[in-house]
Amino acid sequence: MDTKKEVLSILKDLTSEDLSDKMDENIFANGLMDSMASVQMLLNLQDKFNIDVPVSEFDRKEWDTPNKIVAKVDSLRNE
Amino acid sequence: MNFNFINLQSYSNPQYFIYLMIALIPMMIGLYHGHRFKTYEAIFSLVFLFLIFDGVKWHQGVNLIIYLIIEFAITFCYLHYRKVGKNKTWVFCLAVILAIIPLALVKIQTAFPQTQVHGLLGFLGISYITFKTVQVIMEVRDGAIKKVDPGTYLRFLLFFPTISSGPIDRYRRFKKDFDNAPTRDQYITDMRYAVRYLFQGFLYKFILGWFFGTYWLPKISKAALAVGNANGGLKLSWWLLAYMYCYSMYLFFDFAGYSLFAVSISYFMGIHTPMNFNMPFISKNIKEFWNRWHKTLSFWFRDYIYMRFTFFAMKNKLIKNRIRLSQVSYLLLFGIMGFWHGLTWYYIVYGLFHAIAIIINDYWLRFKKKHRKQVPSNIFTKCLAIFITFNVVCLSFLIFSGFLSQLWFGWK
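So the protein lines, in turn, are chains A and B.
The number in the working numbering is simply the position in the first sequence, starting from 1, with 1041 added.
The number in the working numbering is simply the position in the second sequence, starting from 1, with 10 added.
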């Protein structure tokens, strides 16, 4: 499973925007994501990748660009 | 019983800072040379804690010790429970409820003075220690915290610069700082910030806060009461508007000043306590406001109530509609925040006011997203947004101040 592709598709569902050319854009600062959307993203990631991401592990600074999310998911999948 | 000890409340007057800076010197020399003198730090903290809770406040000190024993028992029992691999939801809920009970009782006692047993339960800073304990229990539940070192935990809960009113730090963040000494370059940078924050704090709390709160506010208050009572009806007057702005400025400068002291002293000790305020009055909407005002409290509520509740509700499909769910969560978050401030109508209305404001704000943000092309965005609209947000916030602070209660019902 291609992490990047899946993450982008989850983000597209949430923000209704294609972020493939904005991989390093801060998606909280520009208002695309908020706490509500992050919770939904965590649940979707859990379903899709079968990883466990509790809310405690969600530190905004580590999840605020598409690239960071992909990296986070990859590291959690390899655990 | 009354001991004749000197009693020193944190950051209450300029002399306090002199004692504090002298006591900090050995620690600063240590950190400059890459050593953290943990024993000295412990003695230092104990002395300054003792000065807060001695003399006429001795019963508060006793309450604090009893409270700590209870919270330690809860935390470590729950930690043990998780360590043996069990993870029942009801046990988690029980642990959180038990941890909150002392604070809840204090709030009820304050609201109904007739039930009050003199000097029982309460002490300065109980709210902030409770926030920290609940945070640790929740992260133990998530498995994010697997081990709690009792010594570090005690110092985290009792971290003296932030004991009375925050900022609210996080255990894992605190531990990382506390277990290491900063490099020399880092520490020099820290000290530079510490000095800046200290003087900014003086300006905010002792000069601006004093002018707004001690100098102007009582005069405006008197005028607003006199003119309001003469006008009758809702007792509105221009003085009331002046009170609203003056109180809002006082609240900000006093609290931001205090928080700057707490952060500054933490930095001197090589601990990066998070900042509490980031220019809240330039916010363009209520959501942004809560990312800038009393940040550590609003982030605590965001992470430990809002996000956890939405996570739970979504996972169990309690409320399917995402918009409705976020509205329910906002009401829950700000409702609890209101009750936490105190069981009085104006604190609870203050909480609900913010919940409604943020719900309306969300409607507007969704509308703007849908009609991106039609809604203009320029310097004028931005200034208008800041103006509206500022006034909505000040109105909420007027409610919070309790002055309306005094004006309308004659009590506060």
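We put the CB at the ideal spot given by N, CA and C, even for glycine.
Here the structure is a predicted model, which means the values were calculated and not measured.
What is the DSSP secondary structure of residue 241 (chain B), counted as helix, strand or coil? In the structure shown, residue 241 (chain B) sits in a helix (DSSP, three-state: H, G or I).
Residue 318 (chain B) touches chain A at which residues, Cβ-Cβ below 7 Å? 1096
Any C-beta of chain B sitting closer than 9 Å to the C-beta of residue 1074 (chain A)? no
Grab me the residues of residue 222 (chain B)'s own chain with a C-beta within less than 7 Å of its C-beta, minus the 5 sequence neighbours each way, in chain order. 256, 259, 260, 263
Do residue 1049 (chain A) and residue 1107 (chain A) have their C-beta atoms closer together than 9 Å? yes
Does the beta carbon of residue 13 (chain B) come closer than 9 Å to any beta carbon on chain A? Bear in mind that a pLDDT of 48 at residue 13 (chain B), under 50, signals an unreliable position, so the number given afterwards is only what the model happens to contain. Output row for residue 13 (chain B): interface = no.
Would the beta-carbon of residue 211 (chain B) fall within 9 Å of that of residue 268 (chain B)? Yes, the Cβ-Cβ distance between residue 211 (chain B) and residue 268 (chain B) is below 9 Å.
Could you please tell me which residues of the region 134-149 of chain B, in chain order, have their CB closer than 8 Å to any CB of chain A? When CB distances to chain A are screened at a threshold of 8 Å, the residues of the region 134-149 of chain B falling below it are 148, 149, in chain order.
With residue 152 (chain B) as the anchor, note down where its alpha helix (DSSP H) starts and where it stops. Start and end: 136-152.
By Cβ distance, which residues of its chain are closer than 8 Å to residue 1070 (chain A), with the 5 residues on each side in sequence left out? 1105
What's the C-alpha gap between residue 250 (chain B) and residue 415 (chain B)? 13 Å
Cβ pair residue 417 (chain B), residue 254 (chain B) closer than 9 Å: no
Closer than 9 Å, CB to CB, is residue 154 (chain B) near chain A or not? yes
With burial defined as no fewer than 16 other Cβ atoms inside 10 Å of the residue's Cβ, what is the status of residue 166 (chain B): buried or exposed? Burial state of residue 166 (chain B) is buried, judged by a 10 Å Cβ sphere holding 16 or more other Cβ atoms.
Could you check the C-alpha separation between residue 106 (chain B) and residue 1073 (chain A) for me, to the nearest Å? 33 Å
Ordered along the chain, which non-local residues of its own chain (more than five positions away) have a Cβ less than 7 Å from that of residue 353 (chain B)? Taken in chain order, the residues that qualify are 117, 118, 121.
Please list the partners that residue 344 (chain B) has in chain A, where partner means a Cβ-to-Cβ separation under 7 Å. Result: empty, since nearest Cβ-Cβ is about 14 Å, beyond 7 Å.
Taking only runs of the alpha helix (DSSP H) that begin and end inside the region 257-317 of chain B, which ones reach a length of at least 4 residues, in chain order? DSSP assignment within the region 257-317 of chain B yields the following whole alpha helix (DSSP H) runs of 4 residues or more, N-terminal first: 296-302, 305-311.
Assigned exposure category for residue 399 (chain B) - 16 Cβ within 10 Å defines buried: buried
If you draw a straight line from the C-alpha of residue 391 (chain B) to the C-alpha of residue 363 (chain B), how long is it? 24 Å
Using a Cβ-Cβ cut-off of 6 Å (strictly less than) and excluding sequence neighbours within five positions of residue 24 (chain B), which residues of its own chain qualify? none
In whole angstroms, what separates the C-alpha of residue 332 (chain B) from that of residue 66 (chain B)? Taking the straight line from one Cα to the other gives about 52 Å.
Reference residue 74 (chain B), options B:48, B:92, B:135, closest by Cα: Of B:48, B:92, B:135, the residue nearest in Cα terms is B:135.
Using the Cβ count rule (16 or more neighbours within 10 Å means buried), how would you classify residue 1059 (chain A)? exposed
In whole angstroms, what is the alpha-carbon distance linking residue 56 (chain B) and residue 36 (chain B)? 16 Å
Work out the CA separation of residue 1044 (chain A) and residue 202 (chain B) for me, nearest whole Å. 43 Å
Give a yes or no on whether the minimum CB-CB distance between residue 285 (chain B) and chain A is below 9 Å. no
Burial state of residue 295 (chain B) (16 or more Cβ within 10 Å): buried
Helix, strand or coil at residue 1063 (chain A) [DSSP, three-state]: It is coil, neither helix nor strand.
Count the CB pairs spanning the region 278-290 of chain B and the region 168-187 of chain B that are closer than 8 Å, and state whether there are at least three. yes
Rounded to whole angstroms, what is the Cα-Cα separation between residue 347 (chain B) and residue 43 (chain B)? Here the C-alpha atom of residue 347 (chain B) lies approximately 43 Å from the C-alpha atom of residue 43 (chain B).
For the region 1060-1086 of chain A, enumerate the residues whose C-beta is nearer than 8 Å to any C-beta of chain B, in chain order. 1072, 1075, 1076, 1077, 1079, 1080, 1081, 1083, 1084
In its own chain, which residues sit with a C-beta less than 6 Å from the C-beta of residue 141 (chain B), not counting the 5 before and 5 after it? 178, 310
Using a Cβ cut-off of 7 Å, pull out every chain A residue sitting near residue 324 (chain B), in sequence order please. 1080, 1081, 1084
Identify which residue in B:143, B:287, B:83 has its Cα closest to the Cα of residue 214 (chain B). Looking at the Cα atoms, B:287 is the closest of the given residues.
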